[in-house]
Structure formats: structure tokens, C-alpha cells
Amino acid sequence: MAVELRPSQALRLLHELSLAQVRDDAPDLSQRQLAILLSVYLEAPPHTVRGLAARLGVTKPVITRALDTMGQLRLVSRRRDEADRRNVIIQRTVEGALYLERLGDLVVATARALPR
Numbered sequence: 001m002a003v004e005l006r007p008s009q010a011l012r013l014l015h016e017l018s019l020a021q022v023r024d025d026a027p028d029l030s031q032r033q034l035a036i037l038l039s040v041y042l043e044a045p046p047h048t049v050r051g052l053a054a055r056l057g058v059t060k061p062v063i064t065r066a067l068d069t070m071g072q073l074r075l076v077s078r079r080r081d082e083a084d085r086r087n088v089i090i091q092r093t094v095e096g097a098l099y100l101e102r103l104g105d106l107v108v109a110t111a112r113a114l115p116r
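In terms of UniProt numbering, the sequence shown has 71 at position 71, counting the first letter as 1, and numbering is strictly consecutive.
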């Protein structure tokens, strides 16, 4: 479904969404962490540190640091790839799925509340 927004409306949506997230009691994620989380949940698995680094155009240590924080929040989990022990597989969690479900609901509600 295509959504038509003027640039000022798109920025207003981003602003209102950011304000709503700040007011919420959910964990604050950086843009990088949110991009990783969305990639893991919206794109087909498997997800590896190496693959996420390539997808986001950053280094593996950058992904690892973000995953450290997200793992502590239980938004994702990690395990070694049994087929290739050099790879780390990033897995979805119930907590991560619930976080993104709430975020999706927040995006919809915020977009609906925008002035036309």
C-alpha cells in the first residue's frame, strides 16, 4: 500500500513517533539497533553478524556492540552456526517480536493522528 506524504508530513510523523517513543517505557534503541532489529524480523533468516554488517554497510564489531545491548534487552539472541563455527546466527525472540509489534502499532496510530 502506497502512502502519499509531503516531506513536511513525513518529518512530522518522524517527530511525533520519536516523541512517543521517548515517552514510552520501552527500551530506547539507536537508529543502528533499530535497523538491525527490523532487518532480523522483516527479512528472511538466517541472519549473521557478517551478513548484517554487509547489509548495513558497517563493520562486524559495530554489529556485535549493537547486538550486545539488544541481547541484554532480550530483543535478539545469538548462537554459533553448527555448520560453520566462525558464523554467529542472530535469532528472533518473543520479546523482540512484541517490541516491534508495539512499535508498528505506534507508527500506525501516530500516522493516523497526523493533520491532513
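Each residue gets a CB set at the ideal place from its N, CA and C atoms; glycine is no exception.
For residue i: DSSP bridge partner residues
i   : result
I89 : T48, R79
Outcome for residue i when other beta-carbon atoms lying within 10 angstroms are tallied against a minimum of 16
i    : result
Q33  : buried
T59  : exposed
A97  : exposed
V108 : exposed
L52  : buried
L38  : exposed
Whole-number beta carbon distance between residue j and residue i, since they are thought to touch under 8 angstroms
i    : j   : result
R74  : T93 : 6 angstroms
T110 : E16 : 5 angstroms
L114 : A20 : Rounded, the Cβ-Cβ distance is 12 angstroms, inconsistent with contact.
A2   : I36 : In fact, because the Cβ distance is near 26 angstroms, the residues do not count as touching under 8 angstroms.
T64  : V49 : 6 angstroms
M70  : V62 : Not really, about 13 angstroms apart at Cβ, beyond 8 angstroms.
I89  : D81 : 5 angstroms
- Tell me, please, whether the region 5 to 15 touches the region 80 to 91 by the rule of three or more beta-carbon pairs shorter than 8 angstroms. no
- Touching or not, the region 38 to 55 and the region 18 to 26, by the rule of three or more beta carbon pairs under 8 angstroms? no
- Message: Quick check on the DSSP output: what are the complete alpha helix (DSSP H) runs of length 4 or more inside the region 6 to 42, in order along the chain?
- Response: 7 to 23, 31 to 42
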